[in-house]
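In the UniProt record's numbering, the protein residues as written are 1 to 695.
The C-beta atom is built at its ideal place from N, Cα and C for all residues, glycine as well.
This report concerns only the one structure given below.
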Amino acid sequence: MLFSETSGKTQKYIFGEEARGIVPEGNLYAKVLVDVPGLGPLDYKVPDDMLVAVGDRVTANVQTRKVVGVVAALENATDLQGKRIRSITSVLNDVPPLSAEWLALTRFASLYYLRGWGEAALSALPLFFKRLPKKNHRAMLEKFRRKGIAPSVERSSTQSKPVLNAEQMAAVDAVVSAKGFVPFLLFGVTGSGKTEVYLHVMEEVLHRDPEAQVLLLVPEINLTPQLQARVKARFPHEYVAAMHSEYSDGERAAAWLAVHEGRARILVGTRLSIFSSFKKLALILVDEEHDLSYKAGDGLRYSARDLAVWRAAKNSCPVVLGSATPSLESWAKALKKEYVLLTLTQRAMSKAKLPQIDLIDPNPKGSGMLVSPEAEGSIRSELDAGRQVLVFLNRRGYSPVLSCPSCGWVSACIRCSAFTVFHKREKALICHHCGWRRPVPDACPVCGNVDILPRGTGTERLEEELERLFPGKRILRIDRDSTSKKHEAEKAFARVHAGEVDILVGTQMIAKGHDFQNVGLVVILNADTQLLSPAARAREHLFSTLMQVAGRAGRANGKGRVLIQTRFKDEPLFEALRLQDYRRFANETLEERRENFSVPFVYQALITAESDALAKAVLFLETIARRGRGVASGEVRVFDPVPMPLVRLMNRERAQLLVEGDERKTLHRFLRGLLEGVKSPSDVVWQVEIDPTDV
Numbered sequence: 001m002l003f004s005e006t007s008g009k010t011q012k013y014i015f016g017e018e019a020r021g022i023v024p025e026g027n028l029y030a031k032v033l034v035d036v037p038g039l040g041p042l043d044y045k046v047p048d049d050m051l052v053a054v055g056d057r058v059t060a061n062v063q064t065r066k067v068v069g070v071v072a073a074l075e076n077a078t079d080l081q082g083k084r085i086r087s088i089t090s091v092l093n094d095v096p097p098l099s100a101e102w103l104a105l106t107r108f109a110s111l112y113y114l115r116g117w118g119e120a121a122l123s124a125l126p127l128f129f130k131r132l133p134k135k136n137h138r139a140m141l142e143k144f145r146r147k148g149i150a151p152s153v154e155r156s157s158t159q160s161k162p163v164l165n166a167e168q169m170a171a172v173d174a175v176v177s178a179k180g181f182v183p184f185l186l187f188g189v190t191g192s193g194k195t196e197v198y199l200h201v202m203e204e205v206l207h208r209d210p211e212a213q214v215l216l217l218v219p220e221i222n223l224t225p226q227l228q229a230r231v232k233a234r235f236p237h238e239y240v241a242a243m244h245s246e247y248s249d250g251e252r253a254a255a256w257l258a259v260h261e262g263r264a265r266i267l268v269g270t271r272l273s274i275f276s277s278f279k280k281l282a283l284i285l286v287d288e289e290h291d292l293s294y295k296a297g298d299g300l301r302y303s304a305r306d307l308a309v310w311r312a313a314k315n316s317c318p319v320v321l322g323s324a325t326p327s328l329e330s331w332a333k334a335l336k337k338e339y340v341l342l343t344l345t346q347r348a349m350s351k352a353k354l355p356q357i358d359l360i361d362p363n364p365k366g367s368g369m370l371v372s373p374e375a376e377g378s379i380r381s382e383l384d385a386g387r388q389v390l391v392f393l394n395r396r397g398y399s400p401v402l403s404c405p406s407c408g409w410v411s412a413c414i415r416c417s418a419f420t421v422f423h424k425r426e427k428a429l430i431c432h433h434c435g436w437r438r439p440v441p442d443a444c445p446v447c448g449n450v451d452i453l454p455r456g457t458g459t460e461r462l463e464e465e466l467e468r469l470f471p472g473k474r475i476l477r478i479d480r481d482s483t484s485k486k487h488e489a490e491k492a493f494a495r496v497h498a499g500e501v502d503i504l505v506g507t508q509m510i511a512k513g514h515d516f517q518n519v520g521l522v523v524i525l526n527a528d529t530q531l532l533s534p535a536a537r538a539r540e541h542l543f544s545t546l547m548q549v550a551g552r553a554g555r556a557n558g559k560g561r562v563l564i565q566t567r568f569k570d571e572p573l574f575e576a577l578r579l580q581d582y583r584r585f586a587n588e589t590l591e592e593r594r595e596n597f598s599v600p601f602v603y604q605a606l607i608t609a610e611s612d613a614l615a616k617a618v619l620f621l622e623t624i625a626r627r628g629r630g631v632a633s634g635e636v637r638v639f640d641p642v643p644m645p646l647v648r649l650m651n652r653e654r655a656q657l658l659v660e661g662d663e664r665k666t667l668h669r670f671l672r673g674l675l676e677g678v679k680s681p682s683d684v685v686w687q688v689e690i691d692p693t694d695v
């Protein structure tokens, strides 16, 4: 139970049992989490005149600097009496304490992903709440609270909700009738109305309990505004908060505070939203659960999808993972009945049908044209019929590399073991890994040849080709280059939805979740590149991407069509895609994984190291590998360290060491023992990633 005590003008919130911490006699100590790598909770004395609760943000001195920390526990520790222990310097009692549930989440994340608890907890807070208060702190807080006032709008009596079909209704009924924690996998074909299922379930959960809150996770920033607008339209009387990495520090703080204080009952956000502080979390929805964007790529390398399942279990509430192409991990759990499988086999709109998918030949090599005559003719017919066309190429820039035919020079990054991509409109060569750029040279820097040539094709070059083929047509390119400014992606997609675009060109930014009502044709180019990738998960990711982008066709009226240019028409992956048979692809791939003893039938961790020289990184990992092999049982396997696929990044040489275990608990137990006390040379930086996605 939450109660408050008031002293003067300051109101302090205390969680029921933690009020026991208010003990005189000067024996109270706090375990404080601080964002310092390698440090666990630190002991601090609580001054006799200070009122502190578990979950409070406090300030304290760590070595020579003052930092903000979070109180993880309070105790009367007699064994600390008499020792020289610093005291907490102040309590930041501007907001209610963080809950025991939030502390448990960050504690679990730190244990599972093998990082410090303080790193996990403090990195989860908006910058405003983890920095030392400034003079305008209180004024800013009130400004945030004014932003978070729920709109006084009543639902219009004329507003009508879409009528659900039988499959959608069955899915809604299953979720809302669930008692306590139940994980659901909502497997629905593209355009089957998964979002409408989410909205109906949200409505029921919020109606049942006036204090209930809902978290709706989306994989990409550019999906958040579209989905937030749809949620706001359905719940005009609620304050719908949104959170993603493009938000300013103030915007994120305002949204976080509204959720923390319970004023916002709905949060729509990307992966960082999983660490938001809720008063009463009653439902978690994970849209496009298969998407790799849910896995953090640096710092605490967590999976928001996996933490969503854990958090739902902790809160005894349902969690719904939705996708037309579920991850193989989730699909395997559904087959084992660990997840409840809900299936949508039909498109939600009665006149919408699944698109016809055809495999066609690309242009001969050396033709200089990416779009084949067959694809060109189909595009022209679709445009003549007044429908939009989507052309997909998952490579941005004008061309992947410039080269000299005389001496063999290629445009390479000076800081990374990668090519610099030619961006014609910017007249620059840009590394897509580190951002290094240089102007395009007038001649070959090695031999002086002026006829340096672009090799390969990116979306910028494709856009140029389509402008020549279809003069007068409105062509729009959407990729990270064309939408680099804030809100640019939102504006671009709004133009497509408004019918102001005839041909949409883009990368996988345009493949996920967008409900294009008038796209009749999708053309997919250069899919063979990823098909030939040696990465273990390349085929799974390719199938998912192609199925998702194909699903943008024919979502409203009439049957859409999809053309895939490929030289490998007999490839089983393309056959499963042509039949739009995810079950076939997933089951066959899982059987291959089982025979090869691969994920999800084993569990993995990747230890990476970087230094100024590759040999130093490899030597450090070899030391760990030898130590690991000396204690490993037959249930754990330690492989040889090898250079990373992208060996050099930002002038640092990188290597990796893969560790596999038959059981998750066995692997974690082994890793904790293996890595305890490991110290690297000063010129080597290392980290461990649990459940890596790029091996």
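Counting C-beta atoms within 10 angstroms of its own C-beta, residue 375 has 16 or more neighbours from the protein chains shown and is therefore classed as buried. Assigned with DSSP and collapsed to three states, residue 123 falls in helix.
Under the criterion of beta carbons closer than 8 Å, residue 241 and residue 255 qualify as touching, at roughly 4 Å.
One thing to note: residue 118 has its Cβ within 9 Å of the Cβ of residue 40. Within the same chain, 292, 295 and 537 come within 7 Å of residue 693 by CB-CB distance, once the 5 residues on both sides are set aside. Pairwise C-beta distances place the stretch 434-444 out of contact with the stretch 453-461, as fewer than three of them are shorter than 8 Å.
Here the alpha carbons of residue 289 and residue 43 stand approximately 40 Å from one another. Our two residues, residue 612 and residue 691, have alpha carbons roughly 27 Å apart in a direct line. Residue 360 sits close to residue 565, with the two beta carbons spaced by under 9 Å.
In the DSSP assignment, residue 343 is bridged to 187. The beta carbons of residue 226 and residue 281 sit no closer together than 9 Å. From the listed residues 196, 686, 102 and 140, the smallest Cα separation to residue 124 is found for 102. When 114, 465 and 251 are compared, the shortest CA-CA separation from residue 369 is found for 465. Its chain contains 268 and 285 as the residues whose beta carbon lies nearer than 6 Å to that of residue 216, once the 5 sequence neighbours on both sides are disregarded; these appear in chain order. Assigned with DSSP and collapsed to three states, residue 436 falls in coil, not helix or strand. Within the same chain, and ignoring the five residues on either side of residue 377 in sequence, no residue has its Cβ closer than 8 Å to its Cβ. Going by DSSP, residue 463 is part of the alpha helix (DSSP H) stretching over 459-469. Under DSSP, residue 423 forms a beta bridge with 428. From the listed residues 120, 126, 234 and 63, the smallest Cα separation to residue 206 is found for 234. For the pair of segments examined, the stretch 636-644 was found to touch the stretch 652-671: the number of CB pairs separated by less than 8 Å reaches three. Taking the C-beta atoms as reference points, residue 318 is found no nearer than 9 Å to residue 512. A check of alpha carbon separations from residue 276 across 472, 622, 633 and 99 identifies 99 as the nearest.
Residue 408 holds the alpha-carbon nearest to the alpha-carbon of residue 448 among 661, 191 and 408. A contact is defined here as three or more CB-CB pairs under 8 Å, and the stretch 497-515 meets this definition with respect to the stretch 473-485. Classified as buried, residue 362 has 16 or more neighbouring CB atoms from the shown chains inside 10 Å of its CB. The criterion of a C-beta distance shorter than 9 Å is satisfied by residue 74 and residue 30.
Within the DSSP secondary-structure output, residue 477 pairs in a beta bridge with 505.
Within the same chain, 328 and 331 come within 7 Å of residue 586 by CB-CB distance, once the 5 residues on both sides are set aside.
Every unbroken stretch of the alpha helix (DSSP H) spanning 4 or more residues and falling wholly within the stretch 520-586 is given here in chain order: 528-531, 538-550 and 572-578. The three-state reading of DSSP puts residue 601 in coil, since its state is none of H, G, I, E or B. Contact between the stretch 174-192 and the stretch 338-346 is present: 3 or more CB-CB pairs across the two stretches fall below 8 Å.
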